[in-house]
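Structure record follows, encoded as structure tokens.
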Amino acid sequence: QCPFCNMVFPNTLPPRIESYLATHSGSSDVINQYEFCHLHDAEFRIVQNGRQKNYPLTIDFDNLPNRVKDMFPELLNIAVGKTKSLFRDLAIDVYNTLGRGAKKPTAVMERFINFIV
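So that you can map any letter, position 100 of the sequence shown is 95 in my numbering, and since no number is skipped, the others follow by simple counting.
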């Protein structure tokens, strides 16, 4: 179980979490505690959710330009509003609410966090 938030862990921990736990488990530093809880939340909740949706665990960045080229017509239709997109709708809503402030790092981070959850 997590020494900071008491979340119960599975019996086998991923190496990244074991390593962080070994080096920071006795830490009273709030930042280390937050980082560790954020890490295990991502590993046990977000990654598992992605696996259930068949999302890849790694991204083939070498092939990414080709995938974007292949999807360009579809992406263009989304950008101009011909094809419905949840992501575009969210972006338009935020821009309508915040205007140019939608590009500020804090606004982008908040949208990212809200979208994950």
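For each residue, glycine too, the CB sits at the ideal point set by N, CA and C.
query                                                                                             : result
Proximal residues to Y90 (C-beta, below 8 Å), its chain only, five neighbours per side dropped    : A97
Coil, strand or helix - C(-3) by DSSP                                                             : coil
Inside the region 65 to 102 only - alpha helix (DSSP H) runs reaching at least 4 residues         : 81 to 93
I87 and S80 closer than 7 Å at C-beta                                                             : no
Between the CA atoms of I12 and L34 - distance to the nearest angstrom                            : 7 Å
Reduced DSSP secondary structure (H/G/I, E/B, other) of F4                                        : coil
Simplified DSSP state of I12, which is helix, strand or coil                                      : helix
Nearest-angstrom Cα separation, counted from R83 out to L71                                       : 11 Å
Simplified DSSP assignment, three categories, for L59                                             : helix
Whole-number beta carbon distance between E30 and P135, since they are thought to touch under 8 Å : As shown, the chain starts at -4 and ends at 112. That puts residue 135 outside it, with no answer to give.
Helix, strand or coil at Y50 according to DSSP, with G and I counted as helix                     : coil
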